[in-house]
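> Please find one structure pasted underneath; my questions will follow.
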Amino acid sequence: MQSDNTAFSQTPPSGQFITVDSTKIHYQIEGSGPDLILLHGAGGSLRDFTFQMVDQLAGDFRVILFDRPGHGYTDRIANRSGIGESPQEQAALLAKAAKQLNVEEALLLGHSYGGAVALAWTLNHPESVRGLVTVAGVSNAWEGGLGAWYSVTNSWLGRNLLIPAISAAASRERLEATTKGIFDPDPVPEGYLDHMGAELSKSTTVLQSTTQQVNGLKPHIIEMEPRYPSISIPVEIVHGDKDTSVPLAIHGQVLATQIDSANLTILADAGHMPHHSNQAAVIQAIRRAADRAGLL
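Basically the numbering used here = 1-based index in the sequence shown + 61.
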């Protein structure tokens, strides 16, 4: 990446690199079997899935993990000036990357913002998708804005002055509190923040990419919504009923009514990170989707 050298050196890349349309992409492959692509959420990296979940999947699937553009060790898409990469752009780039890795057809899983990317991939590159799993996935438009943090950082001053200052000043305690808020009401697994890389998680590059992508997301969701009924492949939706980041009533429950082939699993008392707090249920949904798609 082009900045935050200290942060990145403390959490070295775990995978390999390919270049697609001049964009360097970090990926990791584990296991063997039908192809399963995992797409992480806002502010995260592929390390979110390698904490525990990949070990549970690698015996049945060839698991392919990508750092999304501007996250982890994947570069921003070229010529960005205050504009976040849309889910459609990210899907197009990663679909090309998957093809370079000899992926012809795959099961897609997207968590949170990654759910929007997985939906865009399914809509715009259907020939490469056999089944879809969304986990606390963003799928539908919401009322109002995104809160004070995203409002403040949705400007040149916010991106270029405030975010670097916050990145430099963020303490370990602040990172732990932020991570706890993402997991609430579920506990943060022991060792999770260290595995993710505390310095990488608060890097200026990642914070800038995340805020730009999230601030620009809503119009792209509105564009995709009318197209959801065209999805006919097996779809599994997993969502916690205590998710306050991506509320079930706005996203998972609505998406289930928009896609005839969708099956919705509501997890009682689960928050925004069910692939950690309710991992068995998420893995069951993955295997169910694969079975429905004839992959297992």
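Where is the CB? At the ideal position from N, CA and C, for every residue including glycine.
All values derive from a computational prediction rather than experimental measurement.
With 16 other CB atoms within 10 Å as the buried threshold, where does residue 176 fall?
The residue is buried, with at least 16 neighbouring Cβ atoms inside 10 Å.
> With DSSP run on the structure shown, which of helix, strand or coil describes residue 86?
Three-state result, residue 86: strand.
> Do residue 100 and residue 192 come within 8 angstroms of each other at the CB atom, strictly closer than that value?
Not closer than 8 angstroms, so no.
> Might you give, ordered along the chain, the residues of its own chain that have their beta carbon closer than 7 angstroms to the beta carbon of residue 152, omitting 5 neighbours on each side?
Answer for residue 152: 178, 181, 182, 185 and 186, listed in chain order.
> Counting Cβ pairs, one atom from each stretch, are 3 or more of them under 8 angstroms apart for the segment 100-111 and the segment 260-274?
Touching, yes.
> To test your reading of the DSSP string, which unbroken beta strand (DSSP E) runs of 3 or more residues are found completely within the segment 312-337?
Entirely contained in the segment 312-337, the beta strand (DSSP E) runs reaching 3 residues are, in chain order, 323-328.
> Identify whether residue 261 lies in helix, strand or coil by the three-state DSSP scheme.
It is helical.
> Starting from residue 110, trace the alpha helix (DSSP H) in both directions and tell me its first and last residue.
Run containing residue 110: 108-111, per the alpha helix (DSSP H) assignment.
> Closest to residue 146 by C-alpha separation, out of 289, 270 and 127, would be which residue?
Answer by Cα proximity: 270.
> Let me confirm a value: residue 77 is counted as buried when at least 16 other C-beta atoms fall within 10 Å, else exposed. Which label applies?
Answer is exposed; the Cβ neighbour count stays below 16.
> Consult DSSP for residue 272 and reduce its assignment to one of helix, strand or coil.
In this structure, residue 272 counts as helix in the three-state DSSP scheme.
> In terms of residue numbering, what span does the beta strand (DSSP E) encompassing residue 80 cover?
That run of the beta strand (DSSP E) goes 77-81.
> So what's residue 146 in DSSP terms, helix, strand or just coil?
In the structure shown, residue 146 sits in coil (DSSP, three-state: anything other than H, G, I, E or B).
> Suppose the cutoff is 6 angstroms on Cβ atoms and the five residues either side in sequence are ignored; what does the same chain contact list for residue 254 look like?
240.
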